[in-house]
Amino acid sequence: MAGRPGGRRGNGASIRKGLEITLFVAPALALLTLFVAVPIARAVQISFFKWKGFGDFEKFVGLDNYRRVLDNPEFIEAFQHNMIIVVASIAIQLPLGLAIALLLNRKMRFQGTIRTLIFVPYVISEVIAGVIWYQMFVPNEGLLDTILDKIGLSGPQQGFLGTLETALPALVVVLTWKYLGMAVILFLAGLQGVPEELYEAAQLDGASWWQIQRRITVPMLGPTLRTWAFLSMIGSLQLFDMVWVLTRGGPANATSTMATFLIQQGTQRSNYGIAAAASVILFVVALVLALTYQRFVMNRDNTVTVVRRKKVSR
Numbered sequence: 026m027a028g029r030p031g032g033r034r035g036n037g038a039s040i041r042k043g044l045e046i047t048l049f050v051a052p053a054l055a056l057l058t059l060f061v062a063v064p065i066a067r068a069v070q071i072s073f074f075k076w077k078g079f080g081d082f083e084k085f086v087g088l089d090n091y092r093r094v095l096d097n098p099e100f101i102e103a104f105q106h107n108m109i110i111v112v113a114s115i116a117i118q119l120p121l122g123l124a125i126a127l128l129l130n131r132k133m134r135f136q137g138t139i140r141t142l143i144f145v146p147y148v149i150s151e152v153i154a155g156v157i158w159y160q161m162f163v164p165n166e167g168l169l170d171t172i173l174d175k176i177g178l179s180g181p182q183q184g185f186l187g188t189l190e191t192a193l194p195a196l197v198v199v200l201t202w203k204y205l206g207m208a209v210i211l212f213l214a215g216l217q218g219v220p221e222e223l224y225e226a227a228q229l230d231g232a233s234w235w236q237i238q239r240r241i242t243v244p245m246l247g248p249t250l251r252t253w254a255f256l257s258m259i260g261s262l263q264l265f266d267m268v269w270v271l272t273r274g275g276p277a278n279a280t281s282t283m284a285t286f287l288i289q290q291g292t293q294r295s296n297y298g299i300a301a302a303a304s305v306i307l308f309v310v311a312l313v314l315a316l317t318y319q320r321f322v323m324n325r326d327n328t329v330t331v332v333r334r335k336k337v338s339r
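Numbering (our numbering), first residue to last: 26 to 339.
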């Protein structure tokens, strides 16, 4: 009998805690449902119909829209561009961002100013950044062609963004400028967590700077590097704003992405069923890559953490 009041108090505390959690989580769940779950469900529904964007859904076509998307050479090309951007972004921004982070992690003059200047492009709106670079890429009159002319060189006749061979590399350059700051800031934050004692011990053992970075810095930054790579991959798959402002996917689909493909199908050609099917395919591709990355890469950090905790507890 003496244990009941305590049990009731415990149950009451649990209920109150559950209500508090629900109270704080409910608004986020409501917004997630309204702006994520409902649009996804709506896109899946539209993808099974031939719909021009107005009126009721009349003609059910089943999986035909998906077949038409996957058989469309423009979509396949857009998918390939997304994959190229994913690989190029990681291959360029990872070593460059890590090198800059290592440099800025040292004590130097104007360190805070340099960090700010590197991070500024990331906080600029994609549209504004796209307009700035579009003006710089203007043939003959833009800043880049002016600089090339001053040093006795010349750019493509149609401009870097208007030439098939240079449009995608030019886009990758702009994306590197835009998102490199995020990589640098994340890597700097990770470097702050590396114990200084490890560096001191390595120096006492006679390790070179390169050996210290390879044996200590990079392994300790592993979780940060993998998290950044995951965010970069997902962002590259969803890329739209910058491409649309700079090239609208041109010239001749040379810079098209899956996002620009579905926008063109929906807003310019009124093929909303095909656009919806393309959006679902984009979602599935991103989800599969995210789950695969989580399963084979990110879980490594969780496993290492569990093993370390078990060793400490012993």
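Note that beta-carbon positions come from the ideal geometry of N, C-alpha and C, so glycine has one too.
Worksheet item: Buried or exposed: which applies to W235, given that a residue is buried once 16 or more other Cβ atoms fall within 10 Å of its Cβ?
Response: As a first step, residue 235 is located in the sequence shown; it is residue number 210 there, counting from the start. By the 10 Å Cβ count, W235 comes out exposed.
Discussion item. In whole angstroms, give me the CA-to-CA distance for P276 and E222.
Written reply: Here residue 276 is taken as the residue at index 251 of the sequence shown, counted from 1. Here residue 222 is taken as the residue at index 197 of the sequence shown, counted from 1. P276 and E222: Cα-Cα distance of roughly 54 Å.
Fill in: Neighbourhood of T191 by C-beta, 7 Å cutoff - its chain only, sequence neighbours within 5 removed
As a working mapping, residue 191 is identified with position 166 in the sequence shown. Cβ neighbours of T191 beyond the five flanking positions: P181 and F185.
Worksheet item: Taking DSSP as the reference, what is the three-state secondary structure of K203?
Response: In the sequence shown, the residue the question calls residue 203 occupies position 178. Helix.
Practice prompt. Put K175 into one of helix, strand or coil per three-state DSSP.
Written response: As a first step, residue 175 must be located in the sequence shown, where it is residue number 150. Helix.
Fill in: Buried/exposed call for R41, threshold 16 Cβ in 10 Å
What you label residue 41 is simply residue 16 of the sequence shown in a count that begins at 1. Exposed: under 16 other Cβ atoms inside 10 Å.
Practice prompt. Inspect the beta-carbon positions of I299 and V94 and report whether they are closer than 8 Å.
Written response: The residue labelled residue 299 in the question sits at position 274 within the sequence shown. The residue labelled residue 94 in the question sits at position 69 within the sequence shown. Going by C-beta atoms, I299 is nearer than 8 Å to V94.
Worksheet item: For the candidate residues Q319, A284 and Q136, whose alpha-carbon lies nearest to that of R20?
Response: As shown, the chain starts at 26 and ends at 339. That puts residue 20 outside it, with no answer to give.
Discussion item. On the DSSP letters alone, give me the boundaries of the alpha helix (DSSP H) that T188 sits inside.
Written reply: Here residue 188 refers to the residue found at position 163 when the sequence shown is read from its first residue. Per DSSP, T188 belongs to no alpha helix (DSSP H) and is neither H nor E.
Practice prompt. Can you have a look at S39 and say buried or exposed, based on whether 16 or more other CB atoms are within 10 angstroms of its CB?
Written response: Residue numbering aside, residue 39 sits at position 14 when the sequence shown is read from its first letter. It counts as exposed.
Worksheet item: Going by alpha carbons, who is nearest to M258 out of I241, N278, G218 and L312?
Response: Your numbering for residue 258 matches position 233 in the sequence shown. Out of I241, N278, G218 and L312, L312 has the C-alpha closest to the C-alpha of M258.
Worksheet item: So with Cβ pairs under 8 Å, would you call A284 a contact of chain C?
Response: In summary, chain C is missing from the structure at hand, where a single protein chain is found.
Worksheet entry | N-terminal and C-terminal residue of the alpha helix (DSSP H) that W234 is part of | Numbered from its first residue, the sequence shown carries residue 234 at position 209. From DSSP, the alpha helix (DSSP H) with W234 extends over W234 to I237.
Discussion item. If you reduce the DSSP assignment to three classes, tell me which class T330 lands in.
Written reply: Mapped onto the sequence shown, residue 330 falls at position 305. Residue placement at T330 is poorly supported in this model, since its pLDDT is 47, which falls under 50; the coordinates still yield a value, given next. Of the three classes helix, strand and coil, the one that applies to T330 here is helix, per DSSP.
Worksheet entry | Separation of L168 from S179, as counted between CA atoms | For the purposes of this step, residue 179 is taken as the residue at position 154 of the sequence shown. For the purposes of this step, residue 168 is taken as the residue at position 143 of the sequence shown. One C-alpha to the other measures close to 12 Å.
Discussion item. Using 8 Å as the threshold, is the C-beta distance between I110 and V197 below it?
Written reply: Translated into positions along the sequence shown, residue 110 becomes position 85. Translated into positions along the sequence shown, residue 197 becomes position 172. Contact flag set, yes.
Discussion item. Three or more C-beta pairs under 8 Å: does that hold for the stretch 60-69 against the stretch 255-269?
Written reply: no
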